[in-house]
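To start, the structure itself, in structure tokens.
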């Protein structure tokens, strides 16, 4: 019996630790790549496109285009922020429900440690990730609203329009939006973790492959 418990603990620690390490290492690599070789990443290329768009809007006086585009960005961030907080509260309610966690452990849990306390910790970690997503999307809305103001700010008398401040605000908004989306991506294997470490590891590998493609696709 003790050998079975030890093997279950080793499986939980080994696969869970590997999944967390893979997710962490990939995102550290992506953060380095965005800074060192932005032209190879979708985020870097899109950042350059957004900067060109801001210059075009301010120098051509395309106020309506700016308002409509930023409204679409803001609406998308608002929807995702609302969804993140609803999911966080739903999972928190589930985590505080003893019956729900125990039933999940007894019915669908595959391999690994079957512990009520560990399942609650996993659920709370998913709640934390969704809260990070909520904060990120909220900050994105803030930056986009500020960018809308800067894009429509008339230049001082005798000066030409300077889009630098607006570009900076748009980049920060896009960065917060991107960070929030990564919280959503990471939350999927974390939720699978409730079913066992095998699902967590498989989910992490599949999600990394998907994110890598999204991070490097063209268009």
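In this note's numbering, the protein residues as written are -18 to 200. Ideal Cβ placement from N, Cα and C applies to all residues, glycine included. As the structure is a prediction and not an experimental result, all values here were calculated from the model.
### Query
Can you name, in chain order, every residue of its own chain whose Cβ lies under 8 Å from the Cβ of residue 28, other than the five neighbours on each side?
Excluding residues up to 5 positions away in sequence, 19, 152, 155 lie with their Cβ nearer than 8 Å to the Cβ of residue 28 in the same chain.
### Query
If you compare alpha carbons, which of 188, 169, 148 is closest to residue 32?
148 is the residue among 188, 169, 148 whose C-alpha sits nearest the C-alpha of residue 32.
### Message
If you follow the alpha helix (DSSP H) that residue 126 is in, where does it begin and where does it stop?
### Response
97 to 132 is the span of the alpha helix (DSSP H), which, as asked, contains residue 126.
### Query
Does the distance from the C-beta atom of residue 132 to that of residue 30 stay below 7 Å?
By the CB criterion at 7 Å, residue 132 and residue 30 fall outside the cutoff.
### Task
Spatial neighbours of residue 34 within its chain, please: CB distance less than 8 Å, with the 5 preceding and 5 following residues excluded, ordered by chain position.
Same-chain partners within the cutoff: 50.
### Message
I need the DSSP call for residue 25, collapsed to helix, strand or coil.
### Response
Three-state result, residue 25: helix.
### Message
If I measure Cβ to Cβ from residue 182 and keep anything under 7 Å in the same chain, skipping five residues before and after, which residues do I get?
### Response
Once the five neighbours on either side are set aside, the close Cβ partners of residue 182 are -4, -1, 0.
### Query
For residue 40, which three-state DSSP category applies?
Helix, per DSSP.
### Task
Sort 8, 67, 160, 77 by Cα distance to residue 105 and report the nearest one.
Considering only alpha carbons, the answer is 77.
### Query
Thinking C-beta only, is residue 36 closer than 7 Å to residue 135?
Residue 135 is not a Cβ neighbour of residue 36, given a cutoff of 7 Å.
### Task
Compare the Cα-Cα distances from residue 169 to each of 102, -10, 107 and report the closest residue.
Closest by alpha carbon: 107.
#### Entry: Neighbourhood of residue 4 by C-beta, 8 Å cutoff - its chain only, sequence neighbours within 5 removed
Answer for residue 4: 167, 170, 185, 188, 189, listed in chain order.
### Task
Taking residue 109 as the reference, give the member of 126, -9, 164 with the closest Cα.
Ranking the options by Cα distance to residue 109, first place goes to 164.
### Task
Report the three-state DSSP secondary structure of residue 144 (helix, strand or coil).
Coil at residue 144, not helix or strand.
### Alpha-carbon to alpha-carbon, residue 175 and residue -18
Only weak support exists for where residue -18 lies, its pLDDT of 49 falling under 50; the coordinates are left without a value.
### Query
Below 7 Å between beta carbons: does that hold for residue 61 and residue 118?
In contact: residue 61 and residue 118 (Cβ atoms closer than 7 Å).
### Query
Which residue from 52, -6, 26, 102 puts its Cα closest to that of residue 125?
Ranked by how close their Cα comes to the Cα of residue 125, the residues 52, -6, 26, 102 have 52 in first place.
### Query
Along the chain, where does the alpha helix (DSSP H) that runs through residue 178 open and close?
Taken as a continuous stretch (DSSP letters only), the alpha helix (DSSP H) holding residue 178 covers 178 to 197.
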